[in-house]
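Protein chains: 2
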Amino acid sequence: MVNTFIINQALDMHLHLRDGDMLKLVAPLTSNSFSGALVMPNLVPPITTKEDLLAYKQRIIQASKDDNFIPFMTLFFQNNYTFEFLQSIKDEIIGIKLYPAGITTNSQTGVSSMDIEVLRTTLENMSKLNIPLCIHGETNGFVMDREKEFMPIYESLAINFPNLKIIMEHITTKDAINLLDKYPNLYATVTLHHLLITLDDVAGGMLDPHLFCKPIAKRPEDREALLNAALKAHPKLMFGSDSAPHPKHKKECCGCAAGVFTSPIALQVLVELFEKHNALENLNDFISNNAQKIYGLNLNKKSIKLIKKDFIVPNIYEYKEEKVIPMYAGKTLLWSIDSIEK
Amino acid sequence: MVNTFIINQALDMHLHLRDGDMLKLVAPLTSNSFSGALVMPNLVPPITTKEDLLAYKQRIIQASKDDNFIPFMTLFFQNNYTFEFLQSIKDEIIGIKLYPAGITTNSQTGVSSMDIEVLRTTLENMSKLNIPLCIHGETNGFVMDREKEFMPIYESLAINFPNLKIIMEHITTKDAINLLDKYPNLYATVTLHHLLITLDDVAGGMLDPHLFCKPIAKRPEDREALLNAALKAHPKLMFGSDSAPHPKHKKECCGCAAGVFTSPIALQVLVELFEKHNALENLNDFISNNAQKIYGLNLNKKSIKLIKKDFIVPNIYEYKEEKVIPMYAGKTLLWSIDSIEK
Chain A
1 MVNTFIINQA LDMHLHLRDG DMLKLVAPLT SNSFSGALVM PNLVPPITTK EDLLAYKQRI
61 IQASKDDNFI PFMTLFFQNN YTFEFLQSIK DEIIGIKLYP AGITTNSQTG VSSMDIEVLR
121 TTLENMSKLN IPLCIHGETN GFVMDREKEF MPIYESLAIN FPNLKIIMEH ITTKDAINLL
181 DKYPNLYATV TLHHLLITLD DVAGGMLDPH LFCKPIAKRP EDREALLNAA LKAHPKLMFG
241 SDSAPHPKHK KECCGCAAGV FTSPIALQVL VELFEKHNAL ENLNDFISNN AQKIYGLNLN
301 KKSIKLIKKD FIVPNIYEYK EEKVIPMYAG KTLLWSIDSI EK
Chain B
1 MVNTFIINQA LDMHLHLRDG DMLKLVAPLT SNSFSGALVM PNLVPPITTK EDLLAYKQRI
61 IQASKDDNFI PFMTLFFQNN YTFEFLQSIK DEIIGIKLYP AGITTNSQTG VSSMDIEVLR
121 TTLENMSKLN IPLCIHGETN GFVMDREKEF MPIYESLAIN FPNLKIIMEH ITTKDAINLL
181 DKYPNLYATV TLHHLLITLD DVAGGMLDPH LFCKPIAKRP EDREALLNAA LKAHPKLMFG
241 SDSAPHPKHK KECCGCAAGV FTSPIALQVL VELFEKHNAL ENLNDFISNN AQKIYGLNLN
301 KKSIKLIKKD FIVPNIYEYK EEKVIPMYAG KTLLWSIDSI EK
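If you read the sequences in order, they're chains A and B.
Once you know that position 59 of the first sequence is 59 in UniProt numbering, the rest is easy, because the numbers rise by one and skip nothing.
Once you know that position 91 of the second sequence is 91 in UniProt numbering, the rest is easy, because the numbers rise by one and skip nothing.
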C-alpha cells in the first residue's frame with residue numbers, strides 16, 4: 001500500500017489569482033505548494049499593456065510570499081497586437097489568452113469574432129515570435145454544446161497557423177480529447193473538477209452553486225474521456241486548475257457566478273484520484289513534466305511530500321473582507337501535504 | 001390585432017399547494033382564476049389515507065376562498081393498495097400519483113422499484129376501478145437522460161395495463177411527446193416553464209436557482225417539441241403548471257430546492273405565448289378542454305377575461321413568515337387578467 005507520494009515542481013497551468021485582497025488571500029494557497037502557475041489576465045480592466053502586466057506580476061510575487069514560486073504571466077488577446085509590441089513583451093509572458101467576448105467572468109472585452117481574418121494580425125505575430133495561444137473555446141450556443149461547437153474553430157486555427165502552439169483551455173469533452181491527437185500543434189489543460197464531476201453534481205440533486213463553472217461540467221462519458229487521458233498523462237495534456245475564487249456572496253446569491261475554487265485541495269485530491277486508479281506513476285507527468293516540455297520551462301526545485309493522512313478541508317478561506325468557499329469544504333480528504341522541500 | 005382573450009374553466013392539472021401558511025399563501029393565487037387543479041399528494045407525510053385526503057381537501061377549500069374552485073385530489077401511490085380501500089376512496093380522488101423514491105421533493109417514501117410485478121396489485125386494482133395513474137417519470141440516471149431512460153417503463157406500463165389511463169407528468173423531452181401517439185392509454189401534462197426555458201436559462205449564463213426544477217429543463221429541440229404539441233393543443237396533452245412554491249431561503253441558499261412557482265403568471269404568459277405563435281384558438285383546448293375530456297370532469301362556469309395591458313409581476317408573494325418568488329419576478333408581462341366571471 002502506498003502511504004507517501006512525492007510531487008516535484010507542481011505546475012498549475014491555468015489559474016485565476018484576481019487582485020487586491022482576494023489576490024492576497026488566494027496567491028499563497030497556490031505558491032505554497034506549486035512551483036509555478038500560468039496566471040489568467042482577465043482582470044477588470046484586462047492585462048493588455050506591458051506596464052500593467054509587470055505591475056500585476058509584482059503584486060502576485062508580493063502576495064505569494066515564496067521566492068521559489070514563478071507566476072507565468074499572460075496577456076489578454078486583442079486584435080492587431082503589433083509585432084513590435086509583442087516582441088517587446090515576449091520575454092515577460094508565457095502566452096496570450098483569447099476569450100470570445102462575454103463567454104465567462106470578466107471577458108466582456110474579448111474578441112467579438114472568431115473569424116480568422118480578423119484575428120490574423122495578432123496570430124501571425126504570435127506565430128513568428130513563438131508565443132503560445134491559450135483559448136477559452138466556447139461558442140455562445142446551447143450550454144452543453146458550446147465546447148463541441150468550438151471544435152471546428154480549433155481545427156481551423158491549428159491548420160492555418162501550423163507553427164502556433166494552441167492550448168485548448170479547461171477542456172470538458174470527449175471531442176476535445178479526440179482533437180489532441182489530430183493536430184501536432186494542439187494542446188490542452190484540464191481542471192481538477194472536470195475530472196471529478198458531471199452536470200449531475202451541479203444540478204442532479206440539489207442545485208450546487210459551488211460546482212457551477214464555465215465551461216459547465218458535461219456528461220459521464222466526457223468525464224470518463226478526460227479522466228482516462230489525465231491518468232495516462234497524455235503528453236499534450238496539462239493540469240490547469242482554473243481555480244477561480246469568487247466571493248462567497250456572489251456564489252450563494254440568486255444568480256451565481258461561475259467558478260470552482262480548488263487551489264488548496266488540488267494536489268491532495270489528485271494524489272487520491274491517481275492512486276485510486278493505479279496511475280500514481282503518471283501524476284508527475286500530468287502535473288509538471290508535460291507542461292515543462294510543452295512550454296519549455298525552467299523551474300526551481302520544490303518537492304511536496306504527501307502522506308496518507310486525513311485532511312479536513314476548511315469550510316472557508318478568508319482575508320479581511322474576502323471569503324471564499326473551496327471545493328469539498330468541510331469534507332475529509334484521504335491525503336495531506338506533509339512537508340515541502342525547496 | 002387581438003386585445004382581449006377569454007379563457008373558460010382554466011385547469012391546472014399538476015399543482016403543488018403544500019400545507020399550513022404556505023397553502024394559505026398559494027391556494028388563492030390559483031383558485032382565483034382557475035376552475036380546478038389536480039393537487040399533488042407529496043406532503044410530509046404523504047397523503048395515503050382517506051382521512052388525510054379529506055382533511056387536506058378541506059384545508060385547501062378553506063384556503064382557496066372560492067366556491068367555484070375544485071381541488072381534484074390525488075393519493076400518493078403505494079404498493080398493495082387493496083381493491084376495497086381504493087373502492088372506498090375512488091369518488092374522492094381524480095388519480096393516484098406515483099413517485100420513484102427520492103426522485104424529487106418529498107418523494108422519499110415513493111416506490112423503490114418500478115418492477116411491474118411489484119406494482120401490479122395496486123395497478124390492477126386501479127385499472128379495474130378506472131382510477132388514472134399519474135407518474136413522475138424519471139430514473140436516477142444522468143440528469144439530462146432521466147426522462148428518456150424512463151420511456152421503456154412508460155411503454156411497459158401502457159402495454160401491461162391497457163385499460164389504465166397513464167399520465168406522464170410534466171414531460172420535458174421530444175421522446176415523451178413522441179410516445180403520446182404510440183399508446184392509446186398514455187397522456188401527459190406539460191408545465192409553463194418547460195415551454196419557455198432550456199438548460200441554458202438555468203445554467204447557461206449565471207446560475208439561476210429560481211429556474212431550477214425537476215425534471216430539469218432540457219435541450220432546445222426538446223422545448224421545441226413540447227411547444228409545438230402545446231400550441232396545436234395535442235388532444236392527449238394537458239396544461240399542468242407543476243407550480244411548486246419553495247420558501248425564498250430554500251431557493252437562494254447553497255444547495256437549492258427544485259421547483260418553479262408559476263401559478264400567478266401562468267394564464268398571462270400562456271396567452272402571450274399562444275398569441276405570439278398565432279395559436280390562440282387552441283389555448284382553451286390546451287388549458288381546459290383536453291383535461292375535461294381525458295378525466296371526464298364537470299366544472300362550474302368561470303370565465304377569465306385577459307386584456308393586452310402591462311402586468312408587472314410582483315417580486316415576492318408573502319403570507320406571515322412564508323415568502324415565495326414567482327417566475328419572472330419584477331418583469332413586465334404583455335397581458336393582464338382584467339376580470340373573472342363566475
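By construction, the Cβ of each residue, glycine as well, lies at the ideal position given by its N, Cα and C atoms.
Item checked: Under the three-state DSSP convention, the category isoleucine 294 (chain B) falls into -> If DSSP states are grouped into helix, strand and coil, isoleucine 294 (chain B) belongs with the helices.
Check: Per DSSP, what kind of secondary structure is tyrosine 154 (chain B) in: helix, strand or coil?
Finding: helix
Checklist line | Which listed residue (A:Asn79, A:Glu322, A:Glu341 and A:Gly36) has its alpha carbon closest to that of lysine 24 (chain A) | finding: A:Glu322
Margin query: DSSP three-state label for aspartate 338 (chain B), please.
Written below: strand
Item checked: CA-to-CA distance, lysine 182 (chain A) to serine 336 (chain A), given in whole angstroms -> Each residue's Cα considered, the two are about 38 Å apart.
Item checked: Euclidean distance between Cα positions of alanine 244 (chain A) and glycine 259 (chain A) -> 5 Å
Note to self: According to DSSP, is tyrosine 56 (chain B) part of a helix, a strand, or is it coil?
What the structure shows: In the structure shown, tyrosine 56 (chain B) sits in a helix (DSSP, three-state: H, G or I).
Check: How would you label glutamine 268 (chain A), buried or exposed, when you count the other beta carbons within 10 angstroms and need 16 or more for buried?
Finding: buried
Item checked: In DSSP terms, what lysine 305 (chain A) is bridged to -> A:Ile6 and A:Ser339
Item checked: Alpha carbon of threonine 109 (chain A) to alpha carbon of histidine 246 (chain B), nearest angstrom -> 38 Å
Notebook entry, point to check: Should the region 60-79 of chain B be regarded as contacting the region 213-229 of chain B, the criterion being three or more beta carbon pairs within less than 8 Å?
Noted result: no
Next item on the list: Residues of the region 217-235 of chain B with a CB closer than 8 Å to any CB of chain A: list them in chain order, please.
Entry: When C-beta distances to chain A are compared with 8 Å, the residues of the region 217-235 of chain B below that value are Arg219 and Pro220, in chain order.
Next item on the list: Report yes or no: do the region 33-43 of chain B and the region 3-12 of chain B share at least 3 C-beta pairs separated by less than 8 Å?
Entry: yes
Next item on the list: Kindly say whether valine 260 (chain B), judged by its beta-carbon, lies nearer than 7 Å to any beta-carbon of chain A.
Entry: So, not an interface residue.
Item checked: aspartate 285 (chain A) burial status per 10 Å Cβ neighbour count (16 or more: buried) -> buried
Note to self: Measuring only the C-alpha atoms, how far is leucine 15 (chain A) from lysine 250 (chain B)?
What the structure shows: 32 Å
Item checked: For glycine 36 (chain B): DSSP bridge partner residues -> B:Leu11 and B:Ile70
Next item on the list: Please check the pair histidine 193 (chain B) and threonine 262 (chain B), which I expect to be a contact at CB under 8 Å, by giving their CB distance rounded to whole angstroms.
Entry: 6 Å
Margin query: Taking 7 Å as the threshold (beta carbon to beta carbon), is leucine 207 (chain A) in contact with chain B?
Written below: Chain B, which has a Cβ nearer than 7 Å to the Cβ of leucine 207 (chain A), makes this yes.
Next item on the list: Would you kindly check if the distance between the Cβ of proline 235 (chain B) and the Cβ of asparagine 290 (chain B) is under 7 Å?
Entry: yes
Next item on the list: State the Cα-Cα distance for the pair isoleucine 340 (chain B) and threonine 332 (chain B), rounded to the nearest angstrom.
Entry: 21 Å
Check: In terms of residue numbering, what span does the alpha helix (DSSP H) encompassing phenylalanine 85 (chain B) cover?
Finding: 83-89
Notebook entry, point to check: alpha helix (DSSP H) containing valine 26 (chain A): first to last residue?
Noted result: 20-31
Next item on the list: Could you tell me whether the Cβ atoms of alanine 55 (chain A) and alanine 27 (chain A) are closer together than 7 Å?
Entry: no
Notebook entry, point to check: Pick from B:Leu133, B:Phe212 and B:Val44: whose alpha carbon is nearest that of glycine 95 (chain B)?
Noted result: B:Leu133
Next item on the list: Might you give, ordered along the chain, the residues of its own chain that have their beta carbon closer than 8 Å to the beta carbon of leucine 211 (chain B), omitting 5 neighbours on each side?
Entry: His193, Ile197, Asp201, Val202, Ala217, Val260 and Met327
Checklist line | DSSP state of leucine 164 (chain A) mapped onto helix, strand, coil | finding: In the structure shown, the three-state DSSP call for leucine 164 (chain A) is coil.
Note to self: Determine, for valine 313 (chain B), whether the minimum Cβ-Cβ distance to residues of chain A falls below 7 Å.
What the structure shows: no
Check: Run through DSSP, which three-state label would proline 235 (chain A) get?
Finding: Looking at proline 235 (chain A) - three-state DSSP - the assignment turns out to be coil, as it is neither helix nor strand.
Notebook entry, point to check: So is glutamate 169 (chain B) buried or exposed if we call it buried at 16+ other beta carbons inside 10 Å?
Noted result: With 16 or more Cβ atoms within 10 Å of its Cβ, glutamate 169 (chain B) is classed as buried.
Check: Among B:Leu180, B:Lys50, B:Arg223 and B:Leu17, which has the Cα closest to the Cα of leucine 43 (chain B)?
Finding: B:Leu17
Notebook entry, point to check: Among the residues of its own chain, which have a CB less than 8 Å from the CB of glutamate 272 (chain A), if the five just before and after it don't count?
Noted result: Taking glutamate 272 (chain A) as the centre and dropping the five residues before and after it, the same chain places the C-beta of Leu333, Leu334 and Trp335 closer than 8 Å to its C-beta, in chain order.
Checklist line | Neighbourhood of lysine 214 (chain A) by C-beta, 6 Å cutoff - its chain only, sequence neighbours within 5 removed | finding: Closer than 6 Å at Cβ, skipping near neighbours: Thr104 and Ala258.
Checklist line | For valine 271 (chain B), the first and last residue of its enclosing beta strand (DSSP E) | finding: Careful: valine 271 (chain B) lies outside any beta strand (DSSP E), inside the alpha helix (DSSP H) at 266-276.
Item checked: valine 202 (chain A): contacting residues in chain B (beta-carbon distance under 9 Å) -> Val143, Ala203 and Leu207
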